[in-house]
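Encoded as structure tokens, the structure appears first; notes follow it.
Number of protein chains: 2
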Amino acid sequence: MPRQTSRDLRNESRFEVLHALFTLGPSTRQEIAKHTGLSPATVATLVTQFLSEGVLRIATIEQNTVGRPYERLTIDPGRGRILGIDVAETYVDATVYDVLLQPLGQSQVMLDEHQNGQTYVVDGIVRAIDAAIADGGTTRAQITGVGVSMPGQVRPDAGVSVFAPNWDWHDVTIEALLAERLGLPVYVDNPLKAIALSELWFGVGRTTKSMAVVNLGTGVGAGIVIDRALLRGETNNAGEWGHTLLQLDGRLCRCGRRGCVEAYLGVCGLQTTLAEIDPDHPALREAQQPGFVAAVADGLTRGDSALAELARRTSHYLAAALGDLVNLLNISHITLTGWTTAALSEWLIPAVRSELPDHVLPGSLPDLTVEASKVPGNPVALGMAAFSLEQFLGTLGLASKASLPATGRRLRSPV
Amino acid sequence: MPRQTSRDLRNESRFEVLHALFTLGPSTRQEIAKHTGLSPATVATLVTQFLSEGVLRIATIEQNTVGRPYERLTIDPGRGRILGIDVAETYVDATVYDVLLQPLGQSQVMLDEHQNGQTYVVDGIVRAIDAAIADGGTTRAQITGVGVSMPGQVRPDAGVSVFAPNWDWHDVTIEALLAERLGLPVYVDNPLKAIALSELWFGVGRTTKSMAVVNLGTGVGAGIVIDRALLRGETNNAGEWGHTLLQLDGRLCRCGRRGCVEAYLGVCGLQTTLAEIDPDHPALREAQQPGFVAAVADGLTRGDSALAELARRTSHYLAAALGDLVNLLNISHITLTGWTTAALSEWLIPAVRSELPDHVLPGSLPDLTVEASKVPGNPVALGMAAFSLEQFLGTLGLASKASLPATGRRLRSPV
């Protein structure tokens with residue numbers, strides 16, 4: 001029977017060479033061969049092809065006192081621009097990258113979390129993209145692909161937002177809507193897949209075999225990496241840790257089930273917990289979630305006792321729910337990301353590290369690490385740009401179908 | 416960097432040919448080529464080698480009216496015997512198999528669940544093995560390997576029972592103890608890995624890409640298969656679904672944490688639930704767990720109302736906890752096994768199927784199936800025999816180190 005793989009980075013020689021250059025930066029043929037495990041002869045042949053195709057260029061030539069001069073190769077950054085878009089319930093972040101995934105420009109458009117119309121959301125995405133293109137000194141003609149992360153359940157193979165609970169969206173053909181509005185190739189996926197890919201390319205995933213990249217924001221979830229490969233699941237929905245149980249028959253979650261982790265660790269969950277502690281707390285008067293989280297961080301800095309209790313309970317919930325991930329998957333790394341993490345990690349992470357051993361089976365504990373993500377910038381936008389780039393590389397002189405990433409399809413062209 | 420794999424069945428041609436014969440039964444070279452995806456020429460070469468080595472023999476020769484006669488090949492069942500041992504808290508099941516994993520003889524020795532000494536448990540294992548060998552009309556000299564499943568956390572690479580909560584065992588070198596007592600090569604692993612392998616070889620795993628094989632007994636847990644490969648985790652502890660949360664700060668679990676799934680769905684959990692419903696129920700007077708489960712099944716058949724409420728609550732707990740597995744892993748199949756399943760599946764499975772959609776995100780629900788395992792006999796013993804056989808095949812004319820299964824080691828020889 002045919003073997004199938006979940007790898008988004010395929011073990012294909014041409015792709016491996018290009019990916020090595022992302023990981024290593026400008027490199028010699030010898031360094032590429034060592035990194036990829038390909039033979040020096042294979043690397044030399046492929047590099048010659050890439051140079052003739054204009055995909056690679058020579059970055060530097062160095063001369064030692066003895067021996068031949070050696071060349072450092074790099075992907076030609078002039079080959080195009082990539083957009084990575086993080087669409088959340090409360091904002092759209094857009095970043096323009098070159099093909100080395102260096103950011104050139106960015107923008108943010110706030111969304112009203114109480115609006116849910118398709119036109120409202122698409123308009124916000126388009127405005128963010130236009131502003132990012134202007135900020136990056138780029139033109140739309142230079143953009144080779146747009147990777148768009150949509151909240152909730154997404155089928156990248158169909159370009160569909162299957163279910164976005166906060167907006168009550170069902171089966172919205174978002175990729176076609178965006179491709180039409182933008183006149184650009186669009187690839188949609190889910191933020192959990194994007195954050196996992198950003199950690200695989202630029203974070204602890206470069207050296208880690210298994211990890212969960214845990215997002216804490218309006219929604220919560222985990223990008224799961226097993227044996228260096230992104231876990232997608234049968235319908236791209238793996239990682240919905242936010243919809244595993246913390247408390248059977250507990251708080252009503254926006255997914256409709258009771259007791260989900262998200263009902264305690266999503267921003268609405270934090271608001272509910274604070275209301276249980278002090279229903280008149282001033283932070284609860286913030287109309288939008290980012291304002292609430294900022295007020296919590298401010299209050300914790302000032303030593304507000306109700307917020308200290310909120311941090312204590314939230315850390316307890318988080319340690320317990322992360323313990324479940326470790327016990328089920330026996331992963332070695334947990335990386336926390338998302339805007340709640342960015343605001344509150346100094347209160348949450350030490351407490352979680354302290355409590356986690358109480359929740360994890362002893363044999364799964366050795367070498368377990370929990371830390372905030374060190375991926376620079378917005379990891380969702382970066383991961384989406386990396387997905388889009390994987391597909392773009394598939395068209396960059398990589399004629400063989402086998403070299404396309406495992407998503408098994410090309411970018412949807414504008415209609 | 417070197418790539419690592421979690422596959423216990425390696426994509427290695429010689430192993431693939433042998434494994435195809437397990438899956439297909441006696442087969443022609445053409446059928447093997449079709450099943451493995453190897454070229455007919457490669458299969459012909461490997462079969463010739465195996466025949467000359469005595470690993471394979473010709474099972475039948477058939478003659479059509481036209482064309483050449485064709486041979487059906489089989490692994491020579493005379494090449495040895497394999498023991499598969501399921502050690503649980505309450506019993507030891509031992510089965511003798513031929514190298515086609517057909518059972519030849521078996522035995523069961525009951526263990527007192529209140530005893531935990533190493534000598535007591537090892538004695539029980541040895542008695543079960545001796546009785547199975549006698550029942551199978553086999554001699555100890557014919558046994559080529561013994562696969563032993565131990566409850567709790569096991570490191571097969573070290574042959575150690577890391578933690579067995581019911582016995583309070585820590586870092587017991589069980590493999591060496593058994594190899595010394597038996598004078599036979601021993602391989603130890605965990606029942607969750609064994610049930611997953613038995614489903615991969617003989618159950619729904621033959622046609623399923625991803626599944627959880629859920630064991631319900633004294634302990635509960637899941638053998639997880641992702642992309643047709645067994646998920647082991649960093650320290651072989653993946654699948655400890657029994658120690659994920661059902662109820663934060665809920666019932667005390669024997670692992671020391673509060674609120675674990677096992678505290679509700681393990682047999683002790685069922686006893687606790689029944690005691691909450693009717694503390695004087697006669698089923699609670701059974702001294703040993705198998706007697707309790709049998710009494711529950713009997714009572715349900717008779718329409719006992721307290722036991723009907725026990726089944727209702729247990730199904731609710733099970734549906735919720737299985738929902739977590741689906742939401743996190745987005746698997747397509749759940750197979751239930753274990754002796755609680757064997758006794759109570761007719762009450763639990765229909766109720767779980769009915770409630771599960773309430774716990775699963777809509778995008779993860781299509782094509783989800785929940786059913787009792789159809790693997791014949793004891794799946795833990797069968798899976799352990801399959802592990803042992805994988806290692807035995809590694810010595811059966813398979814000289815190349817690359818053909819060994821991914822556990823990366825040979826059987827521990829007797830000391």
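Line order of the protein sequences matches chains V and R.
When we follow this note's numbering, the leftmost residue of the first sequence carries the number 1, and every step to the right adds one.
When we follow this note's numbering, the leftmost residue of the second sequence carries the number 416, and every step to the right adds one.
For glycine and all other residues, C-beta sits at the position ideal for the given N, C-alpha and C.
When CB distances to chain R are screened at a threshold of 8 Å, the residues of the segment 350-378 of chain V falling below it are 358, 359, 361, 362, 363, 364, 366, 367, in chain order.
No Cβ-Cβ contact shorter than 8 Å links residue 561 of chain R with residue 587 of chain R.
Taking 8 Å as the cut-off, the beta carbon of residue 580 of chain R is found no closer than this to the beta carbon of residue 672 of chain R. Along the segment 645-672 of chain R, going in chain order, the ones with a CB nearer than 9 Å to a CB of chain V are 646, 647, 648, 649, 650, 651, 652, 653, 654, 655, 656, 657, 658, 659, 660, 661, 662, 663, 664, 665, 670, 671, 672.
Below the 7 Å Cβ cutoff, chain V contributes 240, 243, 244 as neighbours of residue 742 of chain R, in chain order.
In terms of Cβ geometry, residue 520 of chain R and residue 553 of chain R form a close pair [threshold 8 Å].
Neighbourhood of residue 305 of chain V in chain R, by CB distance below 9 Å: empty, with the nearest CB roughly 22 Å away. One alpha carbon belongs to residue 387 of chain V, the other to residue 231 of chain V, and they sit about 15 Å apart. Scanning its chain for C-beta atoms nearer than 7 Å, with the 5 sequence neighbours on each side dropped, one finds around residue 774 of chain R the residues 734, 735, 738, in chain order.
Looking at the DSSP output, residue 230 of chain V bridges to V:225. Interface criterion met: the Cβ of residue 578 of chain R is under 8 Å from a Cβ in chain V.
Non-local C-beta neighbours of residue 127 of chain V in its own chain, meaning closer than 7 Å and more than five positions away in sequence, comprise 109, ordered along the chain. Distances from the CA of residue 769 of chain R to each of R:598, R:687, R:529, R:786 were compared; the closest alpha carbon is that of R:786. Interface residue (Cβ-Cβ distance to chain V less than 8 Å): residue 693 of chain R is not classified as such. In this structure, the beta-carbon distance from residue 204 of chain V to residue 211 of chain V falls below 8 Å.
Per the coordinates, the alpha-carbon of residue 304 of chain V lies some 11 Å from the alpha-carbon of residue 311 of chain V. Nearest in C-alpha terms to residue 505 of chain R, of all of R:705, R:780, R:750, is R:705.
Here residue 528 of chain R carries a coil assignment [DSSP, helix/strand/coil]. The segment 213-295 of chain V is shown to contain whole alpha helix (DSSP H) runs of 4 or more residues at 262-265, 267-277, in chain order.
Chain R places a beta carbon closer than 8 Å to that of residue 210 of chain V, counting this residue as a contact. Counting only residues of its own chain and dropping the five nearest sequence neighbours on each side, residue 678 of chain R has a CB closer than 6 Å to the CB of 666, 668, 684. Of the candidates R:749, R:699, R:753, R:762, R:762 places its Cα closest to the Cα of residue 730 of chain R. In this model, residue 83 of chain V and residue 95 of chain V are separated by some 6 Å (Cα to Cα).
In this structure, the beta-carbon distance from residue 385 of chain V to residue 101 of chain V falls below 8 Å.
Taking 8 Å as the CB threshold, residue 523 of chain R stays off the interface with chain V.
Three or more Cβ pairs drawn from the segment 774-783 of chain R and the segment 740-748 of chain R lie within less than 8 Å of each other, which places the two stretches in contact. Between residue 320 of chain V and chain R, the shortest Cβ-Cβ separation is below 8 Å.
At least 8 Å separates the beta-carbon of residue 68 of chain V from that of residue 44 of chain V.
Taking a beta-carbon distance threshold of 8 Å, residue 747 of chain R counts as an interface residue toward chain V.
Excluding five sequence positions before and after residue 767 of chain R, the CB atoms of its chain that fall closer than 8 Å to its own CB belong to 730, 733, 734, 737, 785, given in chain order.
Just so you know, the alpha carbons of residue 611 of chain R and residue 538 of chain R end up roughly 27 Å apart. Residue 707 of chain R places its beta carbon less than 8 Å from that of residue 682 of chain R. Among the residues facing chain V, residue 445 of chain R is not included, as its CB has no counterpart in that chain under 8 Å away. Sorting V:271, V:31, V:37 by C-alpha distance to the C-alpha of residue 286 of chain V places V:271 at the top. Here DSSP, grouped into helix, strand and coil, assigns residue 510 of chain R to strand.
In this structure residue 694 of chain R is exposed. Its beta-carbon is surrounded by fewer than 16 other beta-carbon atoms within 10 angstroms.
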